[in-house]
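J.: In the working numbering, the protein residues as written are 118 to 215.
Where is the CB? At the ideal position from N, CA and C, for every residue including glycine.
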Amino acid sequence: MSNVQGATAPQVPSLTSDGGYGSGSWLVALALALGKAMSKLQDDMMKDAKEAGGKGKGATEANARLQAESQLYSMVANAINTVIKAVGEANTTLARKS
Numbered sequence: 118m119s120n121v122q123g124a125t126a127p128q129v130p131s132l133t134s135d136g137g138y139g140s141g142s143w144l145v146a147l148a149l150a151l152g153k154a155m156s157k158l159q160d161d162m163m164k165d166a167k168e169a170g171g172k173g174k175g176a177t178e179a180n181a182r183l184q185a186e187s188q189l190y191s192m193v194a195n196a197i198n199t200v201i202k203a204v205g206e207a208n209t210t211l212a213r214k215s
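1. To the nearest angstrom, how far is the alpha carbon of Gly175 from that of Ala148?
2. Could you give the C-beta distance for Met162 and Ser191, rounded to a whole number, given that I count them as a contact under 8 Å?
3. If you drop the 5 nearest sequence neighbours on each side, which residues of the same chain put their C-beta closer than 6 Å to that of Ala166?
4. Round the Cβ separation of Leu144 and Asn195 to the nearest angstrom and send it over; I've been treating them as touching at under 8 Å.
5. Looking only at its own chain, which residues have a Cβ that is under 7 Å from the Cβ of Ala220, when we skip the five neighbours before and after it?
6. Please classify Ala179 as buried or exposed, where buried requires at least 16 neighbouring CB atoms within 10 angstroms.
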């Protein structure tokens with residue numbers, strides 16, 4: 118087993134809050150990239166929520182899409198939470214063993 122004493126988290130380009138790139142840990146880069154995916158889902162949900170508030174056939178279809186997107190949003194949010202937690206805990210374990 119190799120000795121990783123004194124090793125630091127690899128520095129990779131990461132997304133900044135304004136959509137640009139900066140340097141930071143790859144865990145932060147992963148979290149920000151996944152957050153961008155969540156933002157896209159939120160935008161779609163807001164569009165359909167506005168349309169579902171109307172009347173007619175379009176509102177019914179928008180309501181159905183909104184329900185499906187809400188479930189997808191929940192699944193993605195849970196998956197992101199699991200990914201970030203698992204990677205963070207793995208990093209903690211690695212750091213503790215070094």
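T.: Let me lay it out:
1. Walking along the sequence shown from the start, residue 175 turns up at place 58. Walking along the sequence shown from the start, residue 148 turns up at place 31. C-alpha separation (whole angstroms): 35 Å.
2. Against the sequence shown, residue 162 aligns to sequence position 45. Against the sequence shown, residue 191 aligns to sequence position 74. Not confirmed; about 11 Å, so no contact.
3. Numbered from its first residue, the sequence shown carries residue 166 at position 49. Hits under 6 Å: Leu183.
4. Position 27 of the sequence shown holds residue 144. Position 78 of the sequence shown holds residue 195. So it is not a contact: roughly 18 Å between Cβ atoms.
5. Coverage of the chain is limited to positions 118 through 215, which leaves residue 220 absent and any answer about it impossible.
6. On the sequence shown, residue 179 is found 62 positions in, with the first residue counted as 1. With 16 or more Cβ atoms within 10 Å of its Cβ, Ala179 is classed as buried.
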